[in-house]
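K.L.:
Chains as they are written, first to last, in the working numbering: chain A, 1 to 131; chain B, 1001 to 1369.
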Amino acid sequence: MRKRRAANLLTEVELEFMTALWALGRGSVRDILDRLPEGRALAYTSGATVMRILDDKGFVESTKEGNVLVYEPVLAKDEYQKRSLENLSKTLFDDTPANLVVRLVDDGGLSDEELEEIRAILNRRLGDHDR
Amino acid sequence: MTARLALDLYIDANLILILTVLLVAVMRAAQRLGRARCTHRAQLTLLQTALVCALLSPVLATGLGAALSAVSPGATLNATDLAVSTYLRGGLDIPATEFEAWLDTRAQLTEAFLAQGSAPAMLLAAGLLGGAVLMLIRLARAALAVRRGLAQGFLWRRSGSVDIHLSDHVAIPYAVRGLRRYHVVLPSGVLVRTADLRIALAHEFQHIRQGDTAVELFLELLRPLFFWNPAYLILKRGFERTQEMACDERVLDRLGIGAQEYAACLLRFCGRRGGATRGQALGVALVRWTSHGKRRAASRELQQRFRSLSDVRPPGRTRPVLRGAAMGVFATLLALSVAGLQSPPDWSHERLMLSTVVNLERLEARNRP
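Encoded structure:
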């Protein structure tokens, strides 16, 4: 069995491919390339290499169906989101998630509806803890 | 091997380096004076020939000396013997004792250094040794960084004796020579930028083709010995600059792309932040660009490359016969200079006569009332 190398985070290109695969659920290199934004004009071999690297890093696993390799994500999208946020909090916000939330809320980029939604989530979580 | 012989060889090697750099400068000045517009490729060939001639110069000098003895027995190329001969013919008007002391300067300095008697000699020895150890540590760290970089990367393709790796940890492509194979390391993101990938691969393969990775590794291995010698630094810098320009010249011709497109690609790589650069110390990168320190020097080098790109001449316009003749002249001049510098194997007839004159001068001084 091929030795897998540990990698925590995805590169920009890998994230693009993983996003396509998460949306598909499972698919071949051709399926993934078809889901990339238009005008991406990527060679099949380049796409196949990116998927091989993702397989090597343990983010996906492949099964051979006929002559085609079909890929499936090993890591769910929300799991990766969590990992990515943890890393961001650790590297940019002094390992204090509260700072990250403060920056997000203070930024002014959130609409009233989105803020209400966050308040509801917090109330729900705090309610869970009070019980 | 005695300490004296080792020190003599070390001094000779440093002198050969200085002579090589001086001769390269003379050849380049002659090119400019003769208005010979050479391609960067031709200039790189001159540097490579200079390096090979420098390595072979002791053999070439011995061969030249033997040939001269065969043609004209008793004739010499040695500078000491020639100076003594000139002195005995009355060409130099100084006392014989002073002249002999001047001839023995190198031997006396070597003796003083080996005896470790004086504080400056000890300081010099400590500086040389300390610097060499520092450079060796730097070399070992660079070698480890290359090894780690290759282990972290993803082996993408194998083409002949070249392995192409993709790595998340580098921002700028580079090529390096291993013990058995060549390695080209590309940032993994370049995979989806087809035009940049094509240029980066063509550039690094051209470096391998023109022998730059081997030269770079060889010169880096020499650094612990010659780190203090300005001639070494000039030669190294000359190679780095000429290799890049010769490579640019060839890649533009090979890919048939415009200088503007090529320069834009180099700038895109410079704009990408991060990535380890230590491993590049043993190889040749697409652009020498660091994310910290030395940015100004890298920027100057890039500007020079851009200026050179706008004046690229198609390769193959230099005449091979002319180039061969220039190389022959270079090899002969270097061999002559090295033959002149070498210590005479034995005392010549003239040297014995000088010694007699010195003894007579001393006797006269003693008997003077």
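Here a beta-carbon is modelled for each residue, glycine too, at the ideal position from N, C-alpha and C.
Note that the coordinates shown come from a computational prediction; the quantities given were computed from them, not determined experimentally.
CB of G1271/B to nearest heavy atom of the ligand ADP: below 6 Å?
P.N.:
Annotation note on the ligand ADP: not contained in the displayed structure, which lists no ligands.
K.L.:
Within 10 angstroms of the Cβ of M51/A, are there 16 or more other Cβ atoms? Answer buried if so, exposed if not.
P.N.:
buried
K.L.:
Return helix, strand or coil for H1203/B, following the three-state DSSP convention.
P.N.:
helix
K.L.:
Taking beta-carbon pairs under 8 Å, can you tell me which members of the stretch 45–68 of chain A lie near chain B?
P.N.:
S46, T49, V50, R52, I53, D56
K.L.:
Classify Y123/A: buried if its beta carbon has 16 or more other beta carbons within 10 angstroms, exposed otherwise.
P.N.:
According to the sequence shown, residue 123/A is Asn rather than Tyr. N123/A should be labelled exposed.
K.L.:
Taking only beta-carbon atoms, is F1154/B less than 7 Å away from chain A?
P.N.:
Cβ-Cβ to chain A under 7 Å: yes for F1154/B.
K.L.:
Quick one, are the C-beta atoms of L1023/B and A1246/B less than 7 Å apart?
P.N.:
Contact check for L1023/B against A1246/B fails: the beta carbons are separated by 7 Å or more.
K.L.:
Starting from the C-beta of R35/A, find all residues in its chain whose C-beta is less than 6 Å away, skip the five residues before and the five after it, and write them out in chain order.
P.N.:
A20
K.L.:
Output yes or no for whether 7 Å exceeds the beta carbon distance between L1077/B and G1328/B.
P.N.:
no
K.L.:
Pull out every residue of the stretch 1175–1201 of chain B whose Cβ sits closer than 7 Å to any Cβ of chain A, in chain order.
P.N.:
Near chain A, meaning a CB-to-CB distance below 7 Å, the residues of the stretch 1175–1201 of chain B are S1188, G1189, L1191, V1192, T1194.
K.L.:
How many whole angstroms separate the CB atoms of L1266/B and L1302/B, which I take to be in contact at a CB cut-off of 8 Å?
P.N.:
7 Å
K.L.:
Thinking just about the alpha-carbon of each residue, which of A1029/B, A1140/B, A1231/B is nearest to the one in I1016/B?
P.N.:
A1231/B
K.L.:
Going by Cα to Cα distance, which pick from A1285/B, L1064/B, A1125/B is closest to H1207/B?
P.N.:
A1285/B
K.L.:
Please classify P1173/B as buried or exposed, where buried requires at least 16 other C-beta atoms within 10 Å of its C-beta.
P.N.:
buried
K.L.:
What residues of chain B sit near E12/A, judged by a beta carbon separation below 8 Å?
P.N.:
G1189
K.L.:
Are the stretch 53–63 of chain A and the stretch 11–18 of chain A touching by the rule of at least three beta carbon pairs closer than 8 Å?
P.N.:
yes
K.L.:
Using CA coordinates, which residue listed in N1014/B, T1194/B, G1160/B is at the minimum distance from V1184/B?
P.N.:
G1160/B is the residue among N1014/B, T1194/B, G1160/B whose C-alpha sits nearest the C-alpha of V1184/B.
K.L.:
What residue range is occupied by the uninterrupted beta strand (DSSP E) comprising F1154/B?
P.N.:
1154–1159
K.L.:
Spatial neighbours of R119/A within its chain, please: C-beta separation below 8 Å, excluding the five flanking residues on both sides.
P.N.:
none
K.L.:
Taking all protein chains shown into account, decide if A1214/B is buried (16 or more other Cβ within 10 angstroms of its Cβ) or exposed.
P.N.:
exposed
K.L.:
Looking at the unbroken beta strand (DSSP E) that takes in A1175/B, where does it start and where does it end?
P.N.:
1174–1177
K.L.:
Answer yes or no: do A1121/B and A1132/B have a C-beta to C-beta separation smaller than 7 Å?
P.N.:
For A1121/B and A1132/B, no; Cβs fall outside 7 Å.
K.L.:
For the alpha helix (DSSP H) holding A1112/B, just list the boundary residues, first then last.
P.N.:
1105–1115
K.L.:
Counting pairs of beta carbons, one from the stretch 1151–1160 of chain B and one from the stretch 1133–1140 of chain B, are three or more of them closer than 8 Å?
P.N.:
no
K.L.:
So which residues on chain B does L126/A lean against when the C-beta distance must stay under 9 Å?
P.N.:
Going along chain B, no residue has its Cβ under 9 Å from L126/A, so there is no contact; the nearest lies around 39 Å.
K.L.:
Give the residues of chain A in contact with D1311/B, contact being defined as C-beta atoms less than 9 Å apart.
P.N.:
Within chain A, no residue comes near D1311/B; the closest Cβ sits about 33 Å away, beyond 9 Å.
K.L.:
Give the straight-line distance between the Cα atoms of R1223/B and V1146/B, rounded to the nearest whole angstrom.
P.N.:
18 Å
K.L.:
Could you check whether A1326/B and A1061/B sit closer than 7 Å to each other, using their CB atoms as the reference points?
P.N.:
Going by C-beta atoms, A1061/B is not nearer than 7 Å to A1326/B.
K.L.:
Are the beta-carbon atoms of L1309/B and A1259/B separated by less than 7 Å?
P.N.:
yes
K.L.:
What does the alpha-carbon distance come out to for the pair R1193/B and Y1262/B?
P.N.:
14 Å
K.L.:
Cα separation between G1211/B and R1254/B?
P.N.:
17 Å
K.L.:
Beta carbon of L1221/B, beta carbon of K1236/B: below 7 Å?
P.N.:
In this structure, K1236/B does not lie closer than 7 Å to L1221/B by Cβ.
K.L.:
With DSSP run on the structure shown, which of helix, strand or coil describes L1166/B?
P.N.:
strand
K.L.:
Residues of chain B with CB under 9 Å from A20/A, in chain order?
P.N.:
Within chain B, no residue comes near A20/A; the closest Cβ sits about 13 Å away, beyond 9 Å.
K.L.:
By Cβ distance, which residues of its chain are closer than 7 Å to A1109/B, with the 5 residues on each side in sequence left out?
P.N.:
Checking the sequence shown, residue 1109/B turns out to be Leu, not Ala. Result list for L1109/B: empty, nothing under 7 Å.
K.L.:
Can you tell me whether E65/A is helix, strand or coil according to DSSP?
P.N.:
Three-state DSSP puts E65/A in a strand.
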